[in-house]
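Peer 1: Just so you know, the sequences run in chain order A and B. The opening position of the first sequence corresponds to residue 2 in the numbering used here, with each subsequent residue numbered one higher. The opening position of the second sequence corresponds to residue 2 in the numbering used here, with each subsequent residue numbered one higher.
There are 2 protein chains.
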Amino acid sequence: MGCSRVGLTLLSLLVPLGFVSSTFAIQPDAEYLAREKQFGKQWAAEDEPIQQKLAALEKKFGKKPNIVFILADDIGYTELGSYGGGKVRGFATPNLDRMADEGMRFLSFYSEPSCTPTRAALMTGRHPVRMGLLGVLFPGTAGMGLVDEEVTVAELLSEAGYTTGMFGKWHLGEDPGMTPIEQGFDEAVWSEGNPPWWGFHKGVKRTDNAGYVNMGAFAWAPGPEGFPYDTGGIMSGKKGEEPKLVAPFSLELYNTMDTDVADGVIDFVERNAKSEKPFFVYYAGKGNHFWGAHPDFMNQPAGTNNSAQMAEHDHNVGRLLRKLEELGIAKNTLVVWMSDNGPMYSMHPHGGYSLLRGEKGDTFEGGVRVPGMVWWPGTIDQGQETVDIVQVSDMFTTAASIAGVKNKIPNDRVTDGIDQSALLLLGEGKSRRDYIFHYNKDKLEAVRKDQMKYRTKPKEKHKNCYNIQHDPGERYPDISRYCLWAGPGFGRMIQEHKAMIEKFPHRVQKGYQREFDYPFDPMK
Amino acid sequence: MGCSRVGLTLLSLLVPLGFVSSTFAIQPDAEYLAREKQFGKQWAAEDEPIQQKLAALEKKFGKKPNIVFILADDIGYTELGSYGGGKVRGFATPNLDRMADEGMRFLSFYSEPSCTPTRAALMTGRHPVRMGLLGVLFPGTAGMGLVDEEVTVAELLSEAGYTTGMFGKWHLGEDPGMTPIEQGFDEAVWSEGNPPWWGFHKGVKRTDNAGYVNMGAFAWAPGPEGFPYDTGGIMSGKKGEEPKLVAPFSLELYNTMDTDVADGVIDFVERNAKSEKPFFVYYAGKGNHFWGAHPDFMNQPAGTNNSAQMAEHDHNVGRLLRKLEELGIAKNTLVVWMSDNGPMYSMHPHGGYSLLRGEKGDTFEGGVRVPGMVWWPGTIDQGQETVDIVQVSDMFTTAASIAGVKNKIPNDRVTDGIDQSALLLLGEGKSRRDYIFHYNKDKLEAVRKDQMKYRTKPKEKHKNCYNIQHDPGERYPDISRYCLWAGPGFGRMIQEHKAMIEKFPHRVQKGYQREFDYPFDPMK
Numbered sequence: 002m003g004c005s006r007v008g009l010t011l012l013s014l015l016v017p018l019g020f021v022s023s024t025f026a027i028q029p030d031a032e033y034l035a036r037e038k039q040f041g042k043q044w045a046a047e048d049e050p051i052q053q054k055l056a057a058l059e060k061k062f063g064k065k066p067n068i069v070f071i072l073a074d075d076i077g078y079t080e081l082g083s084y085g086g087g088k089v090r091g092f093a094t095p096n097l098d099r100m101a102d103e104g105m106r107f108l109s110f111y112s113e114p115s116c117t118p119t120r121a122a123l124m125t126g127r128h129p130v131r132m133g134l135l136g137v138l139f140p141g142t143a144g145m146g147l148v149d150e151e152v153t154v155a156e157l158l159s160e161a162g163y164t165t166g167m168f169g170k171w172h173l174g175e176d177p178g179m180t181p182i183e184q185g186f187d188e189a190v191w192s193e194g195n196p197p198w199w200g201f202h203k204g205v206k207r208t209d210n211a212g213y214v215n216m217g218a219f220a221w222a223p224g225p226e227g228f229p230y231d232t233g234g235i236m237s238g239k240k241g242e243e244p245k246l247v248a249p250f251s252l253e254l255y256n257t258m259d260t261d262v263a264d265g266v267i268d269f270v271e272r273n274a275k276s277e278k279p280f281f282v283y284y285a286g287k288g289n290h291f292w293g294a295h296p297d298f299m300n301q302p303a304g305t306n307n308s309a310q311m312a313e314h315d316h317n318v319g320r321l322l323r324k325l326e327e328l329g330i331a332k333n334t335l336v337v338w339m340s341d342n343g344p345m346y347s348m349h350p351h352g353g354y355s356l357l358r359g360e361k362g363d364t365f366e367g368g369v370r371v372p373g374m375v376w377w378p379g380t381i382d383q384g385q386e387t388v389d390i391v392q393v394s395d396m397f398t399t400a401a402s403i404a405g406v407k408n409k410i411p412n413d414r415v416t417d418g419i420d421q422s423a424l425l426l427l428g429e430g431k432s433r434r435d436y437i438f439h440y441n442k443d444k445l446e447a448v449r450k451d452q453m454k455y456r457t458k459p460k461e462k463h464k465n466c467y468n469i470q471h472d473p474g475e476r477y478p479d480i481s482r483y484c485l486w487a488g489p490g491f492g493r494m495i496q497e498h499k500a501m502i503e504k505f506p507h508r509v510q511k512g513y514q515r516e517f518d519y520p521f522d523p524m525k
Numbered sequence: 002m003g004c005s006r007v008g009l010t011l012l013s014l015l016v017p018l019g020f021v022s023s024t025f026a027i028q029p030d031a032e033y034l035a036r037e038k039q040f041g042k043q044w045a046a047e048d049e050p051i052q053q054k055l056a057a058l059e060k061k062f063g064k065k066p067n068i069v070f071i072l073a074d075d076i077g078y079t080e081l082g083s084y085g086g087g088k089v090r091g092f093a094t095p096n097l098d099r100m101a102d103e104g105m106r107f108l109s110f111y112s113e114p115s116c117t118p119t120r121a122a123l124m125t126g127r128h129p130v131r132m133g134l135l136g137v138l139f140p141g142t143a144g145m146g147l148v149d150e151e152v153t154v155a156e157l158l159s160e161a162g163y164t165t166g167m168f169g170k171w172h173l174g175e176d177p178g179m180t181p182i183e184q185g186f187d188e189a190v191w192s193e194g195n196p197p198w199w200g201f202h203k204g205v206k207r208t209d210n211a212g213y214v215n216m217g218a219f220a221w222a223p224g225p226e227g228f229p230y231d232t233g234g235i236m237s238g239k240k241g242e243e244p245k246l247v248a249p250f251s252l253e254l255y256n257t258m259d260t261d262v263a264d265g266v267i268d269f270v271e272r273n274a275k276s277e278k279p280f281f282v283y284y285a286g287k288g289n290h291f292w293g294a295h296p297d298f299m300n301q302p303a304g305t306n307n308s309a310q311m312a313e314h315d316h317n318v319g320r321l322l323r324k325l326e327e328l329g330i331a332k333n334t335l336v337v338w339m340s341d342n343g344p345m346y347s348m349h350p351h352g353g354y355s356l357l358r359g360e361k362g363d364t365f366e367g368g369v370r371v372p373g374m375v376w377w378p379g380t381i382d383q384g385q386e387t388v389d390i391v392q393v394s395d396m397f398t399t400a401a402s403i404a405g406v407k408n409k410i411p412n413d414r415v416t417d418g419i420d421q422s423a424l425l426l427l428g429e430g431k432s433r434r435d436y437i438f439h440y441n442k443d444k445l446e447a448v449r450k451d452q453m454k455y456r457t458k459p460k461e462k463h464k465n466c467y468n469i470q471h472d473p474g475e476r477y478p479d480i481s482r483y484c485l486w487a488g489p490g491f492g493r494m495i496q497e498h499k500a501m502i503e504k505f506p507h508r509v510q511k512g513y514q515r516e517f518d519y520p521f522d523p524m525k
């Protein structure tokens, strides 16, 4: 078949040049292969000390490193204190700022433009378009989600001998086969659907209060008869079991969700800290979600749900990091923290903020450039900050690499996520990515290469090209000054990217609205 | 006269309430008096430990503290690494970031909206509208500038026994009586007019190169006959002498200006370090001025004049701080660093950047919210950052206070600058200002109180009010949610502010264009 022939062609091209076959279990995108031709020798040389470092750590601790993924929700690039927010925005994020100070802070970390897509990319290392998962899954969507054929980071790490757990917002489908306990997690406690949608639950009245707003202030909703979302709550289960609804929806549950999720994560960490097996835990927080505020965190100067949720999430991340230290396992634990996309302005001021242009759902920087950082005391040098480009899918491949199972990533599909262990362990300048394909649903809206960003079909003529260093706010497109010259390079990148898609075609998923008699297609 | 009667009325009001008369040499604006009624006792209590601290320092070092003002040019709020810029913008500012780390970083520091006005406010502690100095002084403007009746910080500090020096861009008028050596500085080396205008000098050809641009790329200029600016260069002099032109204009001189200015400052510091007298030096740098780039600093990733100038200025501030340390006088020297206004986008990408809305010449945050910090090892605690509101005029009053001559500030006029020594010496939360009157030329365009900003006459209806914490980018005015309630408060503030102007009327200046046969009024 086409796929394997390409593999062989590339193999015959690369092997004589001395490229290591360890990268070969994975099928990267064309642009990575072009870079590998240029930098492969250098990368192979860098990989040696990394492998030695990881081997020494494994010897010292008697197991592979634990891995924690924390995915926060809708937190804009300029929200944390360490990114120019914090006090400036009327709240404080001392724990997240401390995490940044003690680890590596990414200044060019990119998500997908919305919630479900970023979660899909984090779990599989693939742009969600490749698996037919385009936008946000709406409540009651069926026939759509993370299908069994996709290989998740939880499945890979299970193969590597990890105990795996997931807590929080899953939002990758609810059909049989799509839940976290069927996607590689040994145990999970997760929300059905997308928790903010709980605000539309038929039990919620417009006069009910969730934090600083009553539900009628922001959300129009039809009456119970026509209402699309009448179930929901907290699901729980273990691998091999049937998922159970353990707590039906309530606004109170939504208000305290991040803290409840963190409690679950901390409990999981405590139970697994002294095990012979390393653990992987995925903390999918509530983050920053316009309505709902934990009553204990409503005393922020800004007086918004956003500020209460930022303070709550910051507190919970602090609790988790301190717990890792107390348990004496911090030095054998990689913690990755990131946001899933930019803020949602339709809920201003409760839905977060970014000084960058655009919001959740956009491929402008405000939608996809998000705060992100890694923490691993003793292994990742503290006090680092870098503009090296990183994409959320890279965390999949990097985790697989650090756990020693990168060769288990299937090569019958394109994996977009790039192994960034060199960046984490060797420091600034070592990112193996200088490009991103920015998809919005099924459209390739923008391509990034180095400091240049090319928009394929801007709404206004000639507003194709931005220099992200000169103009992080994307206000001054200037085709003559920068893009006329960059254009042909972008053309080649896109052409080769599309050729790769022809060889490894996208999965197609067709969702529908359950409990309703009309078809529902969130792709439209 | 009206003025003294008001003084007496206020005195009779305040003295029975126990307010200290030390604040009485100065005539603050009405809003400050209202706050003093509320907080006067607390402030008086805080002043005691400050005075003790300053007295102990004077005893230890045998003289009052040295004071350094560094005013950078056109540097936007988000440019320094410590404010979210630096690498993100394609250059590095390690020395300014170190200064922030070792001192106090202001997150709500406000300038006037342009160059001459900010310089006037810094020198006199007064909004420039009060002295009839409205916009940027254009080349060849005469009959306008810092008039003799104004009292400068250099004059006050001279009275306090300081040796005073000024180096760099003066831009406060060129008529007799207006030069730095006639305005309190013992010595000065300064630019005639506004150095960037040198680019229009009749000797400059459109094909001449200044950094990354040739002059024709950005600046249209008429031929030599009609050209308004045919003189210019570096002036020099000592108090009591006639100013001399020591170096005629050249593009080379402009390219290296910040470094040459820093050389002058460092030489002054070396000559005065061991003196029995403390020194005050005003370093008015080139900063960030669209054309011109020092050839030694053109290797920045961004490849712009802005990046070269940022790197150059950063280097020079680093040299100065290290020199203070080498000379063993850092612990007796207060260094204030600030920008004079936001970036100038008409010169993008060479004229700087801010993620905030607006630019130089605007009272939107992008025009007036600027980076600012103070450094005084051992006296100002390191690692502080604060959102306490500070205005550039406060540096005048604070310097006078620290030098013990606040009582020499004349009380026959309003001084807007507030003594911020409590904020500097006691830390966050101690700002005595929670308001700003944002003037643009002679228009009161906006009023700030706490986190709210009220625009008096927005171009679009109902876009009056912004919550600067919720919306630092000023995108979401919402009169119903926030401003309907704040409105009456702003009304009172403006009314009392205007009443004070009636009592202490603005000076009126009327400039004209010398060497031309038509009158020139930059106020229009």
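Yeah, the Cβ is synthetic: ideal placement off N, Cα and C, and Gly gets one too. Values in this document were obtained by computation on a predicted structure and should not be read as measured data.
A/TYR78 by DSSP, collapsed to three states: which one?
Peer 2: DSSP places A/TYR78 in coil when its eight states are reduced to three.
Peer 1: Where B/ALA121 and B/MET339 are concerned, what is the direct C-alpha to C-alpha distance, given to the nearest angstrom?
Peer 2: Computed Cα separation, rounded: 14 Å.
Peer 1: For the beta strand (DSSP E) containing B/HIS439, list its first residue and its last residue.
Peer 2: Unbroken beta strand (DSSP E) run through B/HIS439: 436-441.
Peer 1: For A/ASN210 and A/MET132, what's the separation of their Cα atoms in angstroms?
Peer 2: So the two alpha carbons sit approximately 38 Å from each other.
Peer 1: Leaving out five residues before and five after A/GLU360 in sequence, what residues of the same chain have Cβ atoms less than 7 Å from its Cβ?
Peer 2: Here the set comprises GLY343, PRO344, MET345, TYR346, GLY367, GLY368.
Peer 1: Would you tell me roughly how many angstroms separate the C-alpha atoms of B/TRP171 and A/ARG476, rounded to the nearest one?
Peer 2: Going by the C-alpha atoms only, they are around 32 Å apart.
Peer 1: For the alpha helix (DSSP H) containing A/LEU426, list its first residue and its last residue.
Peer 2: Note, A/LEU426: alpha helix (DSSP H), 422-427.
Peer 1: Between the Cα of B/MET236 and the Cα atoms of B/LYS275, B/GLU188, B/TYR283, B/ALA263, which residue gives the shortest distance?
Peer 2: Selected option, being the one with the closest Cα: B/GLU188.
Peer 1: Using alpha carbons as the reference points, say which of B/ASN300, B/THR208, B/PHE365 lies closest to B/GLU446.
Peer 2: Nearest of B/ASN300, B/THR208, B/PHE365 to B/GLU446, Cα basis: B/PHE365.
Peer 1: Keeping to the same chain, check which residues put their C-beta closer than 8 Å to that of B/PRO506; ignore five residues upstream and five downstream.
Peer 2: Here the set comprises nothing.
Peer 1: Classify A/ARG323 as buried or exposed, calling it buried when 16 or more other Cβ atoms lie within 10 Å of its own Cβ.
Peer 2: Exposed is the call here.
Peer 1: Within a Cβ cutoff of 6 Å, which residues of the same chain sit near A/ALA285, ignoring the five residues on either side of it in sequence?
Peer 2: Correct list, in chain order: LEU72, GLY169, LYS170.
Peer 1: The beta strand (DSSP E) with A/CYS466 in it runs from where to where?
Peer 2: Taken as a continuous stretch (DSSP letters only), the beta strand (DSSP E) holding A/CYS466 covers 466-468.
Peer 1: Is it true that the CB of A/LYS61 sits closer than 8 Å to the CB of A/THR164?
Peer 2: No, the pair does not count as a contact, with Cβ atoms beyond the cut-off.
Peer 1: Considering only the beta carbon of each residue, do A/ASP75 and A/ASN289 sit closer than 8 Å?
Peer 2: Yes, Cβ-Cβ distance for A/ASP75 and A/ASN289 is below 8 Å.
Peer 1: Taking only the alpha-carbon atoms, compute the straight-line gap between B/GLY63 and B/ASP264 and give it to the nearest angstrom.
Peer 2: Their Cα atoms are separated by approximately 27 Å.
Peer 1: Identify whether A/ILE51 lies in helix, strand or coil by the three-state DSSP scheme.
Peer 2: It is helical.
Peer 1: In chain order, what residues of the same chain have a beta carbon less than 8 Å from the beta carbon of B/PRO177, not counting five sequence neighbours either side?
Peer 2: Excluding residues within five positions, the ones whose Cβ falls inside 8 Å are GLU183.
Peer 1: Would you kindly work out how many angstroms separate the C-alpha atoms of B/ASP98 and A/LEU81, rounded to a whole number?
Peer 2: Using only the alpha carbons, I get a separation of about 18 Å.
Peer 1: In whole angstroms, what separates the C-alpha of A/GLU160 from that of A/VAL406?
Peer 2: So the alpha carbons of these two residues sit roughly 8 Å apart.
Peer 1: Nearest to A/VAL214 by alpha carbon, out of A/ILE27, A/TYR455, A/GLY293?
Peer 2: Selected option, being the one with the closest Cα: A/GLY293.
Peer 1: Is the beta carbon of A/LEU424 within less than 7 Å of some heavy atom of the ligand MG?
Peer 2: This structure does not include the ligand MG; it has no bound ligands of any sort.
Peer 1: Using the rule of at least 16 other Cβ atoms within 10 Å of the residue's Cβ for burial, across every protein chain shown, is B/ARG6 buried or exposed?
Peer 2: Caution is warranted here: a pLDDT of 39 is assigned to B/ARG6, below 50, making its placement in the model unreliable, and the coordinate value is therefore given only provisionally. It is exposed - the Cβ of B/ARG6 has fewer than 16 other Cβ atoms within 10 Å.
Peer 1: In three-state DSSP terms, what is A/TRP44?
Peer 2: The answer is helix: DSSP assigns A/TRP44 an H, G or I state.
Peer 1: Using Cβ-Cβ distances below 7 Å, what residues of the segment 75-90 of chain A are close to chain B?
Peer 2: Per Cβ criterion, the list reads THR79, TYR84, GLY85, LYS88, VAL89, ARG90.
Peer 1: Determine, for B/GLN385, whether the minimum Cβ-Cβ distance to residues of chain A falls below 8 Å.
Peer 2: Cβ-Cβ to chain A under 8 Å: no for B/GLN385.
Peer 1: A/LEU357 and A/TYR78 look like a contact to me (Cβ under 8 Å); what is the Cβ gap, rounded to whole Å?
Peer 2: About 5 Å; that satisfies the 8 Å criterion.
Peer 1: In chain order, which continuous runs of the beta strand (DSSP E) of length 3 or greater are located wholly inside the segment 322-375 of chain B?
Peer 2: 334-340, all fully within the segment 322-375 of chain B.
Peer 1: Less than 8 Å between CB atoms is the rule here; does B/GLY362 satisfy it with respect to chain A?
Peer 2: So, not an interface residue.
Peer 1: Following the continuous alpha helix (DSSP H) through A/ARG449, name the residue where it begins and the one where it ends.
Peer 2: A/ARG449 -> not in any alpha helix (DSSP H); beta strand (DSSP E) instead, spanning 444-450.
Peer 1: Comparing the C-beta of B/GLN28 with each C-beta of chain A, is any distance below 8 Å?
Peer 2: No, its Cβ sits nowhere closer than 8 Å to a Cβ of chain A.
Peer 1: DSSP three-state label for B/LEU147, please.
Peer 2: It is coil, neither helix nor strand.
Peer 1: Check A/GLN392 in the structure and name its three-state DSSP category.
Peer 2: Looking at A/GLN392 - three-state DSSP - the assignment turns out to be strand.
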